[in-house]
Amino acid sequence: MSVRVESVTKIYGNQKALDKVSFTVNSGEIVGFLGPNGAGKSTMMKVITGFLHAEEGDVWINGAVIGENAREIRRQIGYLPENNPLYTDLYITEYLEYVAGIYHLKTVQSRVKEMIGLTGLEPEKHKKIGALSKGYRQRVGIAQALIHDPSILILDEPTSGLDPSQIVEIRQLIRNISTSKTVMLSTHIMQEVEALCDRIMIINHGKIVATDTPANIKSLATTSIRKVLVEFAESINQSKLHEIEGIVEIQPLSEKTWLINGGETDLRPLIFKFAVANELTILTLNKQESSLENVFLEITR
1185 MSVRVESVTK IYGNQKALDK VSFTVNSGEI VGFLGPNGAG KSTMMKVITG FLHAEEGDVW
1245 INGAVIGENA REIRRQIGYL PENNPLYTDL YITEYLEYVA GIYHLKTVQS RVKEMIGLTG
1305 LEPEKHKKIG ALSKGYRQRV GIAQALIHDP SILILDEPTS GLDPSQIVEI RQLIRNISTS
1365 KTVMLSTHIM QEVEALCDRI MIINHGKIVA TDTPANIKSL ATTSIRKVLV EFAESINQSK
1425 LHEIEGIVEI QPLSEKTWLI NGGETDLRPL IFKFAVANEL TILTLNKQES SLENVFLEIT
1485 R
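To get my numbering, take the position in the sequence shown, counting from 1, and add 1184.
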């Protein structure tokens, strides 16, 4: 395994930011770290990277515990902090050469050129970082995290504040990188973890409250809620729909289209029988799947 965290506790004053957190991240995995603001995501990432010291517990990186040979261990990790601190007065190439020098790389210029190509910075490479859009600044941040060829990549909110097209570009970049790296990323965007991650860890009040694949996380809701989207060819009164047995809630979307909550009952056969009995034509009858967002809200309440 690439990362092993065992009983890690981090305290700020009287507040436990992390409370005996334990988990593993296997080599080659993309793991999404989810949680409300203040849940401990960024703190956990800083402990893993060695920037923060935990009061209790240990972190292993590729089998070596942080604290022993910390400098060597950090060379195995690439880190993009949430705020992406960059030297905005430097040119992209100049900045990446500076970072490469910190790691004492022998082939600085060739490695910088490789990173510019990998992260799609070629069109902007002659600009100062301060003149870049936020999307390109994120690319520079990822390039500096990768320049020393780490086996583990830690990304804290890598798409925060980006527009939709930039988000798609950064996601694709992360997906390309992940073919040869272990990736841990934190995010508030549920579609992001579903699109990218092999596994999700949800943290709340400093504790891991769920960890599994995105599909299995969806099944963790304590109450199975089945909603059906139905569109009739004819207009129909809402009171008439209440004749269907098992309805918990009806949400009108138009005079012909309705989102119907059946609680734990699959309403589709009952809606079909209702339509036949009332000589109605069904144009759409789709089950609405439970969303990751709904499960996340339930788990972290």
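Just so it is clear, CB atoms sit at the ideal spot from N, CA and C, and this is done for glycine as well.
Given the structure is predicted, the values throughout are model-derived calculations rather than measurements.
| Check | Outcome |
| --- | --- |
| Does DSSP put Pro1307 in a helix, a strand or coil? | helix |
| State the DSSP-derived secondary structure class of Pro1334, mapped to helix, strand or coil. | coil |
| Taking C-alpha atoms, which residue in Gln1435, Val1187 and Ala1201 lies nearest to Val1209? | Val1187 |
| With a Cβ-Cβ cutoff of 8 Å, do Thr1227 and Lys1200 count as a contact? | no |
| For Asn1445, list the residues DSSP reports as bridge partners. | Lys1411 and Glu1433 |
| Could you confirm whether any beta carbon from chain B is found closer than 8 Å to the beta carbon of Tyr1282? | No chain B appears in the structure shown, which is made up of a single protein chain. |
| Just mark Ala1399 as buried or exposed, buried being the case when its beta carbon has 16 or more other beta carbons within 10 Å. | exposed |
| In this structure, how does DSSP classify Ile1354 when only helix, strand and coil are distinguished? | helix |
| Could you tell me which of Ile1286, Val1292, Ala1327 and Val1283 sits nearest to Met1299, measuring between CA atoms? | Ala1327 |
| Assuming Thr1272 and Lys1312 form a contact by the criterion Cβ under 8 Å, report the distance between their Cβ atoms to the nearest whole angstrom. | 7 Å |
| Please return the same chain residues whose Cβ sits closer than 6 Å to the Cβ of Ser1335, not counting the five positions on each side in sequence. | Gln1260 |
| With the cut-off set at 8 Å, would you say Ile1387 and Phe1217 are in Cβ contact? | yes |
| Under a three-way DSSP split, which group does Gly1314 fall into? | helix |
| So the candidates are Asp1203, Gly1212, Asp1333 and Gly1197; which of them puts its Cα closest to the Cα of Arg1359? | Gly1212 |
| Please report the distance separating the alpha-carbon of Leu1425 from that of Ile1351. | 41 Å |
| Which residues does DSSP pair with Tyr1275 in a beta bridge? | Lys1312 |
| Just confirm the distance between the C-beta atoms of Gly1304 and Leu1346, as a whole number of angstroms; I'd bet it's less than 8 Å. | Rounded, the Cβ-Cβ distance is 14 Å, inconsistent with contact. |
| Got a sec? Which residues, its chain only, sit under 8 Å from Ile1434 by beta carbon, not counting five neighbours each side? | Gln1422, Leu1425, His1426, Trp1442, Leu1443, Ile1444 and Asn1445 |
| When burial is assigned at 16 or more other CB atoms within 10 Å of the CB, is Leu1202 buried or exposed? | buried |
| If we require 4 or more residues per run, which alpha helix (DSSP H) segments fall completely within the stretch 1221-1307? | 1225-1233, 1254-1258, 1276-1286 and 1292-1302 |
| What residue from Glu1415, Phe1207 and Gly1222 has the CA that sits closest to Val1243's CA? | Phe1207 |
| Buried or exposed, going by whether 16 or more other CB atoms sit within 10 Å of the CB of Leu1467? | exposed |
| Can you name the start and end residues of the alpha helix (DSSP H) that Ala1399 belongs to? | Pro1398 to Lys1402 |
| What does DSSP give as the partner residues of Gln1472 in its beta bridges? | Lys1411 |
| Here's the rule I'm using: 16 or more other beta-carbon atoms within 10 Å means buried, otherwise exposed. How should Ile1276 be labelled? | buried |
| What span of residues does the beta strand (DSSP E) with Ala1201 cover, start to end? | Gln1199 to Val1209 |
| From the DSSP output, in three-state form, read off Asn1360 for me. | helix |
| How close, in whole Å, do the beta carbons of Leu1264 and Ala1329 come, if the pair is a contact with beta carbons under 8 Å? | 5 Å |
| Sort Glu1439, Leu1302 and Thr1449 by Cα distance to Gln1356 and report the nearest one. | Leu1302 |
| Hey, how far is the Cα of Gly1222 from the Cα of Arg1255? | 28 Å |
| Can you give me the C-alpha to C-alpha distance between Lys1309 and Arg1485, rounded to a whole angstrom? | 45 Å |
| On the CB-based measure, 16 or more other CB atoms within 10 Å of its CB, does Val1460 come out buried or exposed? | exposed |
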